[in-house]
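Going by our numbering, the sequence shown opens with residue 125, and the numbers climb by one from there. Backbone N, C-alpha and C define an ideal beta-carbon position, used for all residues, glycine too. Just so it is clear, the structure is predicted and the values come from calculations on it, not from any experiment.
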Amino acid sequence: MLDRADVSERVRAAIAHALAKPDALSSYADSLVTHYPTERERRSDRNGPPAGAYQLDRRWTLHLSYLAADLGEARDQAVVYTEGLTILRPELAANAALLSRADAWNHVEPVFCGRIGPDGEVCMDVTGHPGFHSAAGLGGLCWGEGDSCG
């Protein structure tokens, strides 16, 4: 009904709220109605700076929920998802990936080893891997526990 109508998001949310049955999504529509400015409010500050012009960069977190039988399987899936995301978006830091149970986000563990190598490389093997550490990429530097940093 509203696909081609020229109305603001706030109006769309209000109409969706009015037509919706009371359920979990209606609270989402309520938040849209109160969150988004009207078209007139948006246009009144048209010549001002963009909304985030004076804000410093902030770090954001993406949480993915998926089913796994145990920690090992969950870690394997986390590696697959992280590697896939870093292929699509190279600016994402794979070594920052953390794993936790969905009901215990405050108990996290790294997905990748993260040990710093002698030339400043970071080990990108799975946490708790046996043997040598290895940097990311094909032919990345490998080092052992006895190799000194620096």
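- Message: So for Leu-222, helix, strand or coil by DSSP?
- Response: Numbered from 1 along the sequence shown, position 98 holds the residue referred to as residue 222. Residue state, collapsed to three classes: strand.
- Of all the options Ala-202, Ala-220, Val-203 and Leu-212, which has the alpha carbon lying nearest to the alpha carbon of Arg-183? Sequence index remark: in the sequence shown, residue 183 carries index 59 (1-based). Answer by Cα proximity: Ala-220.
- How many Å lie between Leu-262 and Met-248 at the Cα? Residue mapping note: residue 262 aligns to position 138 of the sequence shown, counting from 1. Residue mapping note: residue 248 aligns to position 124 of the sequence shown, counting from 1. Spanning the two alpha carbons is a distance of roughly 12 Å.
- Between His-228 and Arg-199, what straight-line distance do the alpha-carbon atoms span, to the nearest angstrom? Stepping through the sequence shown from its first residue, residue 228 is reached at position 104. Stepping through the sequence shown from its first residue, residue 199 is reached at position 75. The question names His, yet the displayed sequence has Ala at residue 228. Spanning the two alpha carbons is a distance of roughly 15 Å.
- Look up Glu-207 in the DSSP assignment and say whether it is helix, strand or coil. Locating residue 207 in the sequence shown gives position 83, where the first residue counts as 1. Note: Glu-207 maps to helix in three-state DSSP.
- Between the C-alpha atoms of Ala-192 and Leu-265, what's the straight-line distance to the nearest angstrom? For the purposes of this step, residue 192 is taken as residue 68 along the sequence shown, with counting starting at 1. For the purposes of this step, residue 265 is taken as residue 141 along the sequence shown, with counting starting at 1. Each residue's alpha carbon lies about 32 Å from the other.
- Query: What's the gap between the Cα of Ser-189 and the Cα of Trp-267?
  - Reply: Taking the first residue of the sequence shown as position 1, residue 189 is located at position 65. Taking the first residue of the sequence shown as position 1, residue 267 is located at position 143. Going from the Cα of Ser-189 to the Cα of Trp-267 covers about 34 Å.
- Query: Hey, out of Pro-242, Gly-238, Ala-218 and Phe-236, whose CA is closest to Thr-185's CA?
  - Reply: Residue mapping note: residue 185 aligns to position 61 of the sequence shown, counting from 1. Taking only the C-alpha atoms, the option nearest Thr-185 is Ala-218.
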